[in-house]
Amino acid sequence: MRVSRNQGLIRIESRVPVCYDFSAMPANLSPEFKKAEEELRVATNSQEKILALELMMATIPKHKGTEKMQADIKRRLSKLRNTEEKAAGKRGDALHVRKEGAAQAPIVGPPNSGKSSLIKVLSGADVEVAAYPFTTIRPFPYMMPMEDIQIQLVDTGPVAEDRLEPYHVNLLRNADLALLVMDLGADAPVGEFRAMLDTVARAKVDFVRDFDGEAPEYGVKPKRTIVVVNKYDQDEDDVLLDEVRAALGERFELIPVSCTTGHNIEALRHLIFERARILRVYSKIPGKPPDMAKPFVAPIGSTVLDVARLVHKEFADNLRYARIWGSERFDGQKVQRDYVVHDKDIIELHI
């Protein structure tokens, strides 16, 4: 604290940073907001603070009386994220996995659930596989071929009770979909899987079959999820699989696989592509055959104009119309900028 005099007046300046006392403000704060505020108070690291602030931003009443509170939360979020980015740069970003390929899907599971074996058969890469837990200690990306594109799979360290790394949180919240692995060879497959779910719930992710629209900017993130029921070769007459289906109901999409026999591996590969909600479009120059080697990848629901942006900004700015070859139109049909493209369409842009 500093005391100064100016024209006979005493001025007191405090060096203590000012923080809002949200609970003392008459803003009709919801129980969800107050719970997030408590999570912020007890947070022990930057990632937990970011999650708590995001939840506060998602649940705060949006009206004039909370504008300053919203601005303060955004400011604190921005500061924490910048600090995290700088820290990642200093440590060489070893735990950050940059998105590559057509989509990104982390594979998450309890110890010895067979995540590495699954990635090995899907990607064809030389992945270390061992019969002891915690073989994987940091995230590592692999590329899974799916016909003429590549999808990024991320092997992660095992999730056990009270063991969830900060990189798990970042991956799960930002990926295109999640693959949760259940081990049918475990003593209690459903119990072990539910314990893992309780742990990953700290990432503030809602694992769902599907959802419409875009994920919210703040708060709990809905995440398209596939539950891979691994080691299916150890299940005689589907006894364990029936128990799993009865216990989990319709919440998740289940696919039983075996890395030993190859059962459903190709089906899983195609399911990952479908649940990533992406499509492929091939470009064609007028008067020439289409380029079928390198498709443009876009989200399902994309228009001709969206594809033009992927090709080049100048194409999008000057696009007049396009011609389409595909299952939804006769060959070479003229379509407008707002036409919604489909998987494996061939598109010829005219500017």
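If you count the sequence shown from 1, position 302 lands on 302 in our numbering, and the numbers rise without skipping.
Note that the Cβ used here is the ideal one computed from N, Cα and C, for glycine as well.
Do you know how far the Cα of residue j is from the Cα of residue i?
i, j, result
"residue 206", "residue 286", "46 Å"
"residue 192", "residue 157", "16 Å"
"residue 169", "residue 69", "26 Å"
"residue 47", "residue 110", "22 Å"
"residue 32", "residue 222", "17 Å"
"residue 103", "residue 289", "27 Å"
"residue 224", "residue 30", "28 Å"
"residue 216", "residue 253", "23 Å"
"residue 244", "residue 236", "14 Å"
"residue 199", "residue 214", "25 Å"
"residue 354", "residue 175", "An answer regarding residue 354 cannot be provided, because it is not within the stretch 1 to 351 covered by the chain."
"residue 96", "residue 329", "43 Å"
"residue 307", "residue 66", "40 Å"
"residue 282", "residue 71", "44 Å"
"residue 333", "residue 321", "10 Å"
"residue 148", "residue 122", "15 Å"
"residue 37", "residue 60", "10 Å"
"residue 273", "residue 120", "17 Å"
"residue 231", "residue 105", "20 Å"
"residue 86", "residue 78", "12 Å"
"residue 316", "residue 310", "9 Å"
"residue 45", "residue 178", "24 Å"
"residue 260", "residue 115", "13 Å"
"residue 212", "residue 267", "24 Å"
"residue 80", "residue 180", "29 Å"
"residue 73", "residue 318", "41 Å"
"residue 62", "residue 323", "45 Å"
"residue 314", "residue 264", "44 Å"
"residue 40", "residue 75", "15 Å"
"residue 127", "residue 262", "17 Å"
"residue 238", "residue 312", "51 Å"
Measure the CB-CB distance between residue i and residue j and report whether it falls below 8 Å.
i, j, result
"residue 187", "residue 112", "no"
"residue 52", "residue 58", "no"
"residue 154", "residue 107", "yes"
"residue 258", "residue 242", "no"
"residue 297", "residue 118", "no"
"residue 326", "residue 342", "yes"
"residue 152", "residue 166", "no"
"residue 304", "residue 269", "no"
"residue 299", "residue 275", "no"
"residue 172", "residue 139", "no"
"residue 189", "residue 240", "yes"
"residue 348", "residue 294", "no"
Which partner residues of residue i appear in the DSSP bridge assignment?
i, result
"residue 270", "Looking at the DSSP assignment, residue 270 forms no beta bridge with any residue, so it has no partner."
"residue 282", "346"
"residue 256", "229"
"residue 222", "206"
"residue 142", "153"
"residue 321", "350"
"residue 326", "329"
"residue 71", "Beta-bridge pairing links residue 71 to no other residue."
"residue 261", "Paired residues: none, contrary to the question."
"residue 291", "283"
"residue 298", "279"
"residue 334", "323"
"residue 340", "303"
Out of the options, state which residue places its alpha-carbon closest to the alpha-carbon of residue i.
i, options, result
"residue 346", "331, 338, 336", "331"
"residue 83", "101, 50, 64", "50"
"residue 146", "101, 302, 165", "101"
"residue 204", "55, 45, 41, 28", "55"
"residue 35", "139, 311, 219", "219"
"residue 251", "274, 299, 194", "194"
"residue 292", "344, 38, 76", "344"
"residue 143", "255, 45, 125", "125"
"residue 99", "150, 80, 161, 159", "150"
"residue 209", "240, 249, 138, 238", "249"
"residue 279", "266, 264, 263, 301", "301"
"residue 64", "28, 114, 261", "28"
"residue 164", "185, 201, 264", "201"
"residue 160", "196, 41, 39", "196"
"residue 185", "256, 335, 247, 246", "256"
Would you say residue i lies against chain B (beta-carbon separation less than 8 Å)?
i, result
"residue 183", "Protein chain content of the structure displayed is limited to a single chain, and chain B is not contained in it."
**Asked** For the segment 162 to 216, which segments carrying the alpha helix (DSSP H) assignment without a break, of at least 4 residues, lie completely within its bounds, in sequence order?
**Response** 166 to 174, 189 to 200
**Request:** Note down, one range per segment and in chain order, each alpha helix (DSSP H) of at least 4 residues found wholly within the segment 73 to 126.
**Result:** 115 to 123
**Request:** Please list the segments of the alpha helix (DSSP H) lying wholly inside the segment 31 to 57, counting only runs of 4 or more residues, in order along the chain.
**Result:** 31 to 42
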